[in-house]
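K.L.:
Could you have a look at this structure, given as structure tokens, before my questions?
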Amino acid sequence: MAKTHHSDIKLSVELDENRVPEKLRWSAQDGGVDNEEAKAMLLSIWDSNKQETLRIDLWTKDMPVDEMKVFFHQTLVAMSDTFHKATQDEKMTATMKDFCDYFAEKLELKKK
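In this text, residue positions in the sequence shown follow this note's numbering: the first is 1, and each later residue adds one.
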């Protein structure tokens with residue numbers, strides 16, 4: 001039997017007195033990330049037993065709105081890429097990419 005490898009991803013959230021995130025940090029040793037600061041994170045986990053997605057969506061109170069818009073756009077583009085890798089569904093991937101372009105255009109994230 002082949003030896004398996006175990007890898008950890010660690011998230012740390014520092015909250016203020018109202019339980020609002022002030023600092024987010026993450027580590028992923030296999031990826032060369034050690035206690036790096038972040039301003040926002042979106043984590044989705046599939047619960048196969050319940051057939052539902054569990055989520056953790058956090059951002060620090062000093063996350064600028066303009067950066068949040070870029071973060072969401074880049075996340076949507078990445079989700080389109082992941083969807084394609086997972087399903088090979090060309091038609092829906094193209095539709096998702098079209099939406100990403102529309103999203104960026106409406107938020108004026110890309111030059112026309």
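The beta-carbon is built from N, C-alpha and C at its ideal position, and this holds for glycine as well.
Check whether the segment 7 to 15 touches the segment 25 to 42, taking contact to mean three or more Cβ pairs, one atom from each stretch, closer than 8 Å.
P.N.:
yes
K.L.:
In chain order, which continuous runs of the alpha helix (DSSP H) of length 4 or greater are located wholly inside the segment 9 to 85?
P.N.:
Counting only runs of 4+ residues, no alpha helix (DSSP H) is found wholly inside the segment 9 to 85.
K.L.:
Answer with buried or exposed for residue 2, where buried requires no fewer than 16 other C-beta atoms within 10 angstroms of its C-beta.
P.N.:
Within the sequence shown, the letter at position 2 stands for residue 2. Label assigned to residue 2: exposed.
K.L.:
Measure the CB-CB distance between residue 53 and residue 46 and report whether it falls below 8 Å.
P.N.:
In the sequence shown, counting from the first residue as 1, residue 53 sits at position 53. In the sequence shown, counting from the first residue as 1, residue 46 sits at position 46. Yes, they are a contact pair.
K.L.:
Given a threshold of 16 other Cβ atoms within 10 Å of its Cβ, counted over all protein chains shown, does residue 80 qualify as buried or as exposed?
P.N.:
By one-based count along the sequence shown, residue 80 stands at place 80. Residue 80 is buried by the Cβ-count criterion.
K.L.:
Buried or exposed for residue 104, going by 16 or more other Cβ atoms inside 10 Å?
P.N.:
One-based indexing of the sequence shown puts residue 104 at position 104. Buried, since its Cβ has 16 or more Cβ neighbours within 10 Å.
K.L.:
If you run the structure through DSSP and keep just helix, strand and coil, what is residue 98?
P.N.:
As a position in the sequence shown, residue 98 is number 98, starting the count at 1. In the structure shown, residue 98 falls within a helical segment according to DSSP collapsed to helix, strand and coil.
K.L.:
In chain order, what residues of the same chain have a beta carbon less than 8 Å from the beta carbon of residue 84, not counting five sequence neighbours either side?
P.N.:
If you number the sequence shown from 1, residue 84 lands on position 84. In chain order, 90 and 93 place their CB closer than 8 Å to the CB of residue 84, counting only its own chain and leaving out the 5 sequence neighbours on each side.
K.L.:
How many angstroms separate the CA atom of residue 32 from the CA atom of residue 19?
P.N.:
In the sequence shown, the residue the question calls residue 32 occupies position 32. In the sequence shown, the residue the question calls residue 19 occupies position 19. Taking the straight line joining both Cα atoms gives about 29 Å.
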